[in-house]
Amino acid sequence: MAPDTLGQRVRRERLARQITQRELAGAIDVGVPYISKIEADRETPADDKITKLARALDIEPDELLLTARRVPADVLERLASDPARGLEFLRTWKD
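Going by the UniProt record's numbering, 91 is the number at position 91 of the sequence shown; the sequence numbering is gapless.
So this is what it looks like as structure tokens:
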């Protein structure tokens, strides 16, 4: 099974919590069309908006960042602090 896109994940989490696009837009101070574009994968929000989305949906911000194919800053710092060990760890992590 393919992993969710950011838009699919946001939509799934929003519907699971019975939140309208309007309510979600209000919670993160954007317009409804912006939420619609995110859910349709036509808009890629900045990290700060992803964090706000995660908080509004009551999910871990780092989890939503990873769904957006972005590495959280603290994780990236740890990997970069010892690149050889970081790569070794990542290469051992397979399905």
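All C-beta atoms in this analysis are idealised placements derived from N, C-alpha and C, irrespective of residue type, glycine included.
The Cβ neighbour count for Val71, taken over all protein chains shown within 10 Å, is under 16; the residue is labelled exposed.
The closest CA to that of Leu64, considering only Glu13, Ile19, Met1, is found on Glu13. Assignment of Pro33 by DSSP, reduced to helix, strand and coil, places it in the helix class.
Nearest to Gly26 by C-alpha distance, out of Pro45, Lys52, Phe89, is Lys52.
Scanning the UniProt domain "HTH cro/C1-type" (10–64) for uninterrupted alpha helix (DSSP H) segments of 4 residues or longer gives 21–28, 32–39, 47–56, listed from N- to C-terminal end. In the three-state reduction of the DSSP assignment, Ala73 falls in the helix class, which pools H, G and I.
Contact annotation, Thr67 with Leu6: C-beta distance approximately 5 Å; criterion of less than 8 Å satisfied. In the displayed model, Ala2 falls within coil according to three-state DSSP, outside both helix and strand.
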